[in-house]
Structure formats: C-alpha cells, structure tokens
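S.K.: The structure's right below; bear with me while I get my questions together.
Structure (structure tokens):
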C-alpha cells in the first residue's frame, strides 16, 4: 500500500500547490484553474466571516448599524469590490468547469472561458461602479 | 503489479473513484444552484438597497418574508456544502495519506454540520426577532 497514493495521477505535478503559483509556461486553462481555487479559498473564508458578522444582528440595532457605518467607508467598499471580483470570476469560471466536466463543449474550452469570463468582467465592472455609487 | 496492488486495494481505489465522481456532481450542481441564489442574494442585499447595505430594521423586515427565509436557509446549506467539498478537493491535491484523508473527511463533515446548524439557528433567531 506504501506506493499506492489515493490521489495518484501520473500527469499530476508532484507539488500541485506550488504549481498554482508558477504561471511560467502555463496554458490559460491552468491559470484559470489556479485562479478558481484561489478565489474558492477566499470565498470560503468569507462565508465564515459573513456568518460571524451577521451574528451582530442578534446584539441589537446599535451593534448592526455601527457595523454598517464602517461598511460604508471607502476602504471597506474596496474590500467589497475584491469580493465581487472573486464571486463573479468563481461563478462564471465554475459554470465552464461544470459544463466541461459534464462533457459539454469539451473542445471549445478556451472559447467558453473567454466568453464566460468576459461576461464576468462586464458584471464586475457594473457591480464595482454600483458599490461606490449606490 | 500484484505485489504492490492487491485486489482489495484496487477495489478500494475504484470505490474512491466512484465516490469522488459523486461528490464532484454534488459540487457541480450545488455550484449551479448557487449561481442563481448567490446572484439573487447579492442583488437583494447590495445593489437594490439605497446606501448599499440594509440597516437593522430593513434586515428584519427582509427576513420576515417566508420566501426570503427559505431562500436564505437554502443558500447557507448549498454554500457550506459547496465550499467544504472545494476545501476537500484542495486538501486531496496535497497527496495526503489514506489516514489523513479519513481525518480530513471527518473534520470537514463536523465543520459543515456545525456551520449549517449555526446558520439555521441564526436565520430562525432573526425571524423570531422580526416577530
């Protein structure tokens, strides 16, 4: 059993996590994959943070409204913009990953990537403007 | 081949592969549902309200709506399942041992159960506050 790794795959790099941060000679698919995972980690951390922040509601009106006052400052809104990028990128690249994984448009992965991430970037730009102007 | 991979280990690997395929499907479908629910969540909470975020009374009025309550509960469950399956996939990419995989699976199951339970408790508490 010693030489049988549960995730053994002959084409998988020996240090897969290191490979994410080395963009040299990588295809757009690999960079898309790495970015998908980085945004996934960020969004997972945010999910727990979000639940913790929502707990402020149980402490009453003053507690929540003072958080909202902080959340409306420009520096905090910048974090919202970063979050929005993570959400829309992960969302639209995730659609591509799911479709390709199910055998849809396998041979048009790159086109699918450019179209979906293009839509994501347009939505991101609109959302970023709305965050600062709404 | 026979000396290093017994018939049992091959069967275990086949079972792991089937399980990984099922979990991938769960992650893909939860992700597709999240596209809709998270989209609605972000529009409702960040882009519709004047000032960008709901104040205390606006939040309570919002969660008092049974449809919103149901959607938010579904959102907590789907987001937690999707996120933790993703964490598992990343953890498996570090080539852990069989024992470590078992620990990872249990740890993520516990974190997931606690997160969903807490999210549901929070949603119910807020709806009670809304009266």
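Chains as they are written, first to last, in the numbering used here: chain L, 13 to 146; chain W, 227 to 357.
Glycine residues also receive a C-beta, built at the ideal position from the N, C-alpha and C atoms.
Given the structure is predicted, the values throughout are model-derived calculations rather than measurements.
(1) Pull up the distance between the alpha-carbon of residue 14 of chain L and that of residue 322 of chain W, whole angstroms please.
(2) Helix, strand or coil, according to DSSP, for residue 114 of chain L in the structure here?
(3) Check the Cβ-Cβ distances between residue 316 of chain W and every residue of chain L, and say whether any is below 8 Å.
(4) Count the CB pairs spanning the stretch 305-318 of chain W and the stretch 274-292 of chain W that are closer than 8 Å, and state whether there are at least three.
(5) Between which two residues does the alpha helix (DSSP H) holding residue 62 of chain L run?
(6) Counting only the same chain and skipping the five closest in sequence on each side, list residues whose C-beta sits under 8 Å from that of residue 352 of chain W.
(7) Going by the beta-carbon positions, is the gap between residue 58 of chain L and residue 95 of chain L smaller than 8 Å?
(8) Using beta carbons (cut-off 8 Å, strictly below), is residue 345 of chain W in contact with chain L?
(9) Can you tell me whether residue 123 of chain L is buried or exposed, with buried defined as 16 or more other CB within 10 angstroms of its CB?
(10) Between which two residues does the alpha helix (DSSP H) harbouring residue 337 of chain W extend?
(11) Please report the Cβ distance between residue 254 of chain W and residue 110 of chain L, rounded to the nearest whole angstrom; I am assuming they are in contact, meaning their Cβ atoms lie under 8 Å.
(12) Cα separation between residue 68 of chain L and residue 293 of chain W?
(13) Give the secondary structure of residue 105 of chain L by DSSP, where H, G and I count as helix, E and B as strand, and everything else as coil.
(14) Can you give me the start and stop residues for the alpha helix (DSSP H) that residue 122 of chain L sits inside?
(15) Hey, could you find the ends of the alpha helix (DSSP H) residue 287 of chain W is sitting in?
(16) Would you please verify whether the beta carbon of residue 168 of chain W is less than 8 Å from any beta carbon of chain L?
(17) To the nearest angstrom, how far is the alpha carbon of residue 235 of chain W from that of residue 317 of chain W?
(18) DSSP on residue 276 of chain W, reduced to helix/strand/coil?
(19) Can you tell which of L/101, L/107 and L/44 has its C-alpha closest to the C-alpha of residue 136 of chain L?
(20) Where do the ends of the alpha helix (DSSP H) carrying residue 77 of chain L lie?
(21) Could you say which of L/55, L/130, L/70 and L/38 lies nearest to residue 350 of chain W if we only look at CA atoms?
M.R.: Taking the structure as given:
(1) Locating residue 14 of chain L in the first chain gives position 2, where the first residue counts as 1. Locating residue 322 of chain W in the second chain gives position 96, where the first residue counts as 1. With a pLDDT of 44 at residue 14 of chain L, under the threshold of 50, the modelled position of this residue cannot be trusted; read the value that follows with caution. The alpha-carbon atoms of residue 14 of chain L and residue 322 of chain W are separated by roughly 12 Å.
(2) To locate residue 114 of chain L, count along the first chain from 1; it is residue 102. Coil.
(3) In the second chain, counting from the first residue as 1, residue 316 of chain W sits at position 90. Answer yes: the Cβ-Cβ gap between residue 316 of chain W and chain L drops below 8 Å somewhere.
(4) no
(5) Along the first chain, read from residue 1 onward, the residue named residue 62 of chain L stands at position 50. Its alpha helix (DSSP H) spans residues 40-66.
(6) Taking the second chain and counting its residues from 1, the one referred to as residue 352 of chain W is at position 126. 285, 286 and 289.
(7) What you label residue 58 of chain L is simply residue 46 of the first chain in a count that begins at 1. What you label residue 95 of chain L is simply residue 83 of the first chain in a count that begins at 1. For residue 58 of chain L and residue 95 of chain L, yes; Cβs fall inside 8 Å.
(8) In the second chain, the residue the question calls residue 345 of chain W occupies position 119. Closer than 8 Å to some Cβ of chain L, the Cβ of residue 345 of chain W qualifies, so yes.
(9) Position 111 of the first chain holds residue 123 of chain L. It is exposed - the Cβ of residue 123 of chain L has fewer than 16 other Cβ atoms within 10 Å.
(10) As a first step, residue 337 of chain W is located in the second chain; it is residue number 111 there, counting from the start. 324-356 is the span of the alpha helix (DSSP H), which, as asked, contains residue 337 of chain W.
(11) For the purposes of this step, residue 254 of chain W is taken as residue 28 along the second chain, with counting starting at 1. For the purposes of this step, residue 110 of chain L is taken as residue 98 along the first chain, with counting starting at 1. Correct: roughly 4 Å between the Cβ atoms.
(12) Within the first chain, the letter at position 56 stands for residue 68 of chain L. Within the second chain, the letter at position 67 stands for residue 293 of chain W. The alpha-carbon atoms of residue 68 of chain L and residue 293 of chain W are separated by roughly 23 Å.
(13) In the first chain, counting from the first residue as 1, residue 105 of chain L sits at position 93. Of the three classes helix, strand and coil, the one that applies to residue 105 of chain L here is helix, per DSSP.
(14) One-based indexing of the first chain puts residue 122 of chain L at position 110. 121-145 is the extent of the alpha helix (DSSP H) around residue 122 of chain L.
(15) Here residue 287 of chain W refers to the residue found at position 61 when the second chain is read from its first residue. 282-289 is the span of the alpha helix (DSSP H), which, as asked, contains residue 287 of chain W.
(16) Not covered by the structure: residue 168 of chain W. The range shown for chain W is 227 to 357.
(17) As a first step, residue 235 of chain W must be located in the second chain, where it is residue number 9. As a first step, residue 317 of chain W must be located in the second chain, where it is residue number 91. Roughly 21 Å between the two C-alpha positions.
(18) Residue numbering aside, residue 276 of chain W sits at position 50 when the second chain is read from its first letter. Coil, per DSSP.
(19) On the first chain, position 124 is the one that residue 136 of chain L refers to. Checking every option, the nearest Cα to that of residue 136 of chain L belongs to L/101.
(20) The residue given as residue 77 of chain L occupies position 65 in the first chain. 73-83 is the span of the alpha helix (DSSP H), which, as asked, contains residue 77 of chain L.
(21) The residue you call residue 350 of chain W lines up with position 124 of the second chain. It is L/70 whose Cα lies nearest to the Cα of residue 350 of chain W.
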